[in-house]
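Asks: Protein chains in written order, with this note's numbering: chain A, 426 to 881; chain B, 1352 to 1622. Just so you know, even glycine gets a beta-carbon here, dropped at the ideal spot from N, CA and C. Quick caveat, the model's predicted, so the values are computed rather than measured. Pasting a structure here, questions to come.
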């Protein structure tokens, strides 16, 4: 099992492969109808500070909704990144994002900047040779098609969580990243938070003994709905928003990007809360248990033969219970034979015994005093998820949450969802990546795609 | 007494008559699946989904087939309202077997594009070999580019070697060519690989499909054929990404004699 035990990705800024922006290249890439309005001016190098153009990463942003806001702000502030293009199926959103990028660069440079193209179709953005990397923050059902095409066209990828809509998509994405040598970071950014890393370090190093039970709170979405047809707003390409998923009449609640519901409620676009928060918390559990290239072996839905909590079980018997009350309102509670670890966002960490939380895993003196049984496993250190990705693009190193890790976590999300839908438990072989003894459930490992949106 | 439609009669003859209970359960749900108040349809959808899920449990093959037959008959019945037919076909996507193929095949030609598309997806997932034949037959007749893209993709997903010539015919089309290339990459036999070389560098999917084909051949144990593809791509592909992937692939297959046939190279004449 790989443990990703390595020292932090350094600040190495080795020249990254791939073409850089040239005026000629930009013009060649900007000939699409959608990009005409974005005809660029020459960009003064002062916009990008000290970073030489050859070290600069030409960036495209795809899916300009709720989740992209923070990515956009992060990217336009980096002097080694130039956001060259944005893309969204909603004209209003893409034009707003283009304006945001251009205003940010104009403010930094003190001159008017008009160098960000706005695309309706991601294929046009990916066809540009001067775009080296893309951030994908669409709904889940578009993650894999865009990511796979981007990697095949030589782009590095940051893709929001969960990485995929189906288990098979994950296998394809991971294989594609390997085949094409691309740097793919999945946006399960809790891996880049100190408290979660420390929790994983404590568990992984055996400091609370063998972990037998884990509670995690994912919350609940309201049930999906059948919705009446509404007029499609002007400038919104609804058919493309649906993409490879089944057709339904337009309704604003279906496409709404909302942490509390919207498209996230619908099975067609994800695995509901299992995919939403599961992609964070199941991910940390996988990391802490050292299962990044494997996974659980059994999935039991809530309600099955009186099962009170949705449960998945690892081969060593460790059980993960969803929505079981977690002590002190934490997000995850690891219960081992010798102690406990409780962890949440906001750098919240509690341990039993309490001194575990004060251990500094990078301080050799502290490490010399650790209890017997300490395994000496170092976990990958990243303190900021997007920064880690960019550093890895420069250094051509694996980021903290690469495709295989994202695939294995998403597999758990999807299998929990499949068991919930089918209302029966599933046995899973994490080596062969097969559902055992249930051919009809196995059909859910992938979903047929609606034409013409068949890219994989 | 209720009169059965002709298709249902044929299916009853082939697969045996479904139980009255299954038919009654589905018939009771149909008006609710098409309730004019759209919000009210959800409960009926879940009820039908639960029926389908229960019938698809391991060990329930007889029940699955019985329900599959009832659902197929309703899917094919033009008197059943469209929203109900769509949801019924979507259940067949995940539990339909050979008993559902004739009805789904007929729906591929339905004038309702949504129903036809749902039927295509259901056939893509259907484990019966007759589903492949139905999709192939439909591709031979299809004229609408979107339907063609769907059918090509479905047949590619099913790895249908008999469709290679049909796919190859599409490679010259800007609309269907890229999907045809990807489908050929999934089939990954020598004829499929052979068809892809002339269009390598015409559109990106061709080189990408050859990378997929090489990986598939390697996974099947045919490392020599994979190596031959990688070697040729490393020399001939214009896309730096594809050349890079080919170089990476070459590093993972042992050196050996190129397998000209699987690589799509021309056979040498015997001396």
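Could you name the residues of the same chain whose beta carbon sits closer than 7 angstroms to that of residue 1373/B, not counting the 5 residues immediately before and after it, in chain order?
Replies: To locate residue 1373/B, count along the second chain from 1; it is residue 22. For residue 1373/B, where only same-chain residues beyond five positions count, the Cβ hits under 7 angstroms are 1417, 1418 and 1421.
Asks: Using a Cβ-Cβ cut-off of less than 9 angstroms, give me the residues of the stretch 1497-1508 of chain B that come near chain A, in sequence order.
Replies: Residues of the stretch 1497-1508 of chain B with a Cβ closer than 9 angstroms to any Cβ of chain A, in chain order: 1497, 1498, 1499, 1500, 1501, 1502, 1503, 1504, 1505, 1507 and 1508.
Asks: Secondary structure at residue 696/A, three-state DSSP: helix, strand or coil?
Replies: Against the first chain, residue 696/A aligns to sequence position 271. Looking at residue 696/A - three-state DSSP - the assignment turns out to be coil, as it is neither helix nor strand.
Asks: For a contact defined as C-beta to C-beta under 8 angstroms, what are the partners of residue 606/A on chain B?
Replies: Residue mapping note: residue 606/A aligns to position 181 of the first chain, counting from 1. Simply 1595, 1596 and 1599.
Asks: Across which residues does DSSP place residue 626/A in a beta bridge pair?
Replies: Your numbering for residue 626/A matches position 201 in the first chain. Beta-bridge partners of residue 626/A (DSSP): none assigned.
Asks: Tell me the DSSP secondary structure of residue 583/A in three-state form.
Replies: Locating residue 583/A in the first chain gives position 158, counting from the first residue. Correct three-state label for residue 583/A: strand.
Asks: Do we get a CB-CB distance below 8 angstroms when we pair residue 1381/B with the residues of chain A?
Replies: Translated into the one-based positions of the second chain, residue 1381/B becomes position 30. Contact with chain A is absent for residue 1381/B, since none of that chain's Cβ atoms lies less than 8 angstroms from the residue's Cβ.
Asks: Closer than 8 angstroms by C-beta to residue 618/A: which residues in its own chain qualify, once you throw out the five before and the five after it? Chain order, please.
Replies: As a first step, residue 618/A is located in the first chain; it is residue number 193 there, counting from the start. Once the five neighbours on either side are set aside, the close Cβ partners of residue 618/A are 770 and 772.
Asks: When you check each C-beta in the stretch 848-875 of chain A against every C-beta of chain B, which residues fall closer than 9 angstroms?
Replies: 848, 849, 862, 863, 864, 865, 866, 868, 869, 871, 872, 873, 874 and 875
Asks: Just checking: is the beta-carbon of residue 1353/B within a distance shorter than 8 angstroms of some beta-carbon in chain A?
Replies: Walking along the second chain from the start, residue 1353/B turns up at place 2. With a pLDDT of 47 at residue 1353/B, under the threshold of 50, the modelled position of this residue cannot be trusted; read the value that follows with caution. No - not a single Cβ of chain A is within 8 angstroms of the one on residue 1353/B.
Asks: May I have a chain-ordered list of the beta strand (DSSP E) segments no shorter than 3 residues that lie completely inside the stretch 762-847 of chain A?
Replies: 765-769 and 773-777
Asks: So, at 6 angstroms on beta carbons, what are the nonlocal neighbours of residue 466/A in its own chain, with the 5 sequence-adjacent residues on each side left out?
Replies: Stepping through the first chain from its first residue, residue 466/A is reached at position 41. Its pLDDT being 41, under 50, residue 466/A is placed unreliably in this model, and the value from its coordinates should be taken loosely. Excluding residues within five positions, the ones whose Cβ falls inside 6 angstroms are 539.
Asks: What distance in whole Å lies between the Cβ atoms of residue 559/A and residue 580/A, which are believed to be in contact at a cut-off of 8 angstroms?
Replies: Locating residue 580/A in the first chain gives position 155, where the first residue counts as 1. Locating residue 559/A in the first chain gives position 134, where the first residue counts as 1. Residue 580/A to residue 559/A, Cβ: 5 angstroms. Contact.
Asks: Where does the unbroken beta strand (DSSP E) through residue 418/A begin, and where does it stop?
Replies: Here chain A has residues from 426 to 881 only, and residue 418/A is not among them.
Asks: Is any beta-carbon of chain A found at less than 8 angstroms from that of residue 1512/B?
Replies: Locating residue 1512/B in the second chain gives position 161, counting from the first residue. Chain A, which has no Cβ nearer than 8 angstroms to the Cβ of residue 1512/B, makes this no.
Asks: Just checking: is the beta-carbon of residue 1480/B within a distance shorter than 8 angstroms of some beta-carbon in chain A?
Replies: Locating residue 1480/B in the second chain gives position 129, where the first residue counts as 1. So no, residue 1480/B is outside the interface.
Asks: DSSP on residue 1471/B, reduced to helix/strand/coil?
Replies: Working through the second chain from its first residue, we reach residue 1471/B at position 120. Three-state result, residue 1471/B: helix.
Asks: Just the chain B side, please: which residues come within less than 7 angstroms of residue 840/A by C-beta, in chain order?
Replies: To locate residue 840/A, count along the first chain from 1; it is residue 415. Within chain B, no residue comes near residue 840/A; the closest Cβ sits about 15 angstroms away, beyond 7 angstroms.
Asks: What residues are listed by DSSP as bridge partners for residue 512/A?
Replies: Within the first chain, numbered from 1, the residue matching residue 512/A stands at position 87. Paired residues: 487/A and 544/A.
Asks: By Cβ distance below 6 angstroms, which residues in the same chain neighbour residue 870/A in space, the five residues on each side in sequence not counted?
Replies: Along the first chain, one-based indexing puts residue 870/A at 445. Excluding sequence neighbours, residue 870/A sits near 592 and 593.
Asks: Here's a check: name, in chain order, each residue in its chain whose Cβ is nearer than 8 angstroms to the Cβ of residue 458/A, leaving out the five neighbours to either side.
Replies: For the purposes of this step, residue 458/A is identified with residue 33 of the first chain, where counting begins at 1. Any reading at residue 458/A must be qualified, since the residue scores a pLDDT of 33, below 50, and its modelled position is unreliable; the value itself is stated next. Close CB contacts of residue 458/A within its chain, under the 8 angstroms cut and outside five residues either way in sequence, are absent.
Asks: For residue 853/A, which beta-bridge partners are listed by DSSP?
Replies: Counting from 1 along the first chain, the entry for residue 853/A is found at position 428. Residue 853/A has 860/A as its beta-bridge partners, per DSSP.
Asks: Measure how close the beta-carbons of residue 514/A and residue 662/A come, nearest whole angstrom, since I'm counting them as under 8 angstroms.
Replies: In the first chain, the residue the question calls residue 514/A occupies position 89. In the first chain, the residue the question calls residue 662/A occupies position 237. Indeed, because the Cβ distance is near 4 angstroms, the residues count as touching under 8 angstroms.
Asks: With residue 766/A and residue 624/A assumed to form a contact (beta carbons below 8 angstroms), what rounded beta-carbon distance in angstroms separates them?
Replies: Here residue 766/A corresponds to residue number 341 of the first chain, with the count starting at 1. Here residue 624/A corresponds to residue number 199 of the first chain, with the count starting at 1. That belief holds up - the Cβ atoms of residue 766/A and residue 624/A are roughly 5 angstroms apart, short of 8 angstroms.
Asks: If you draw a straight line from the C-alpha of residue 860/A to the C-alpha of residue 742/A, how long is it?
Replies: For the purposes of this step, residue 860/A is taken as residue 435 along the first chain, with counting starting at 1. For the purposes of this step, residue 742/A is taken as residue 317 along the first chain, with counting starting at 1. For residue 860/A and residue 742/A, the distance between alpha carbons rounds to 18 angstroms.
Asks: Is it right to say residue 584/A is buried, meaning 16 or more other beta carbons lie within 10 angstroms of its own, or is it exposed?
Replies: One-based indexing of the first chain puts residue 584/A at position 159. Burial call: buried.
Asks: Does the CB of residue 514/A have a neighbour CB from chain B at under 8 angstroms?
Replies: Locating residue 514/A in the first chain gives position 89, where the first residue counts as 1. With 8 angstroms as the cut-off, residue 514/A does not count as an interface residue toward chain B.
Asks: Rounded to whole angstroms, how far is the Cβ of residue 823/A from the Cβ of residue 1600/B, which I believe are closer than 8 angstroms?
Replies: Along the first chain, one-based indexing puts residue 823/A at 398. Along the second chain, one-based indexing puts residue 1600/B at 249. 19 angstroms between Cβ atoms; not a contact.
Asks: Near residue 1353/B, what residues of its chain come up, given a Cβ to Cβ distance below 8 angstroms and the 5 sequence neighbours on each side ignored?
Replies: Taking the second chain and counting its residues from 1, the one referred to as residue 1353/B is at position 2. Since pLDDT at residue 1353/B reaches only 47, below the 50 mark, its modelled position is unreliable, and no value is offered.
Asks: Does residue 1577/B come within less than 8 angstroms of chain A when only Cβ atoms are used?
Replies: On the second chain, residue 1577/B is found 226 positions in, with the first residue counted as 1. Answer no: the Cβ-Cβ gap between residue 1577/B and chain A never drops below 8 angstroms.
Asks: Enumerate in chain order the residues of its own chain whose CB-to-CB distance from residue 460/A is below 6 angstroms, with the five nearest sequence positions on each side excluded.
Replies: Residue mapping note: residue 460/A aligns to position 35 of the first chain, counting from 1. Confidence at residue 460/A is low in this model, with a pLDDT of 36, below 50, so its placement is unreliable and the value that follows should be read with caution. Once the five neighbours on either side are set aside, the close Cβ partners of residue 460/A are 542.
Asks: Taking DSSP as the reference, what is the three-state secondary structure of residue 463/A?
Replies: On the first chain, residue 463/A is found 38 positions in, with the first residue counted as 1. Reliability of the predicted coordinates at residue 463/A is poor, the pLDDT of 36 falling under 50, and no value is obtained from them.
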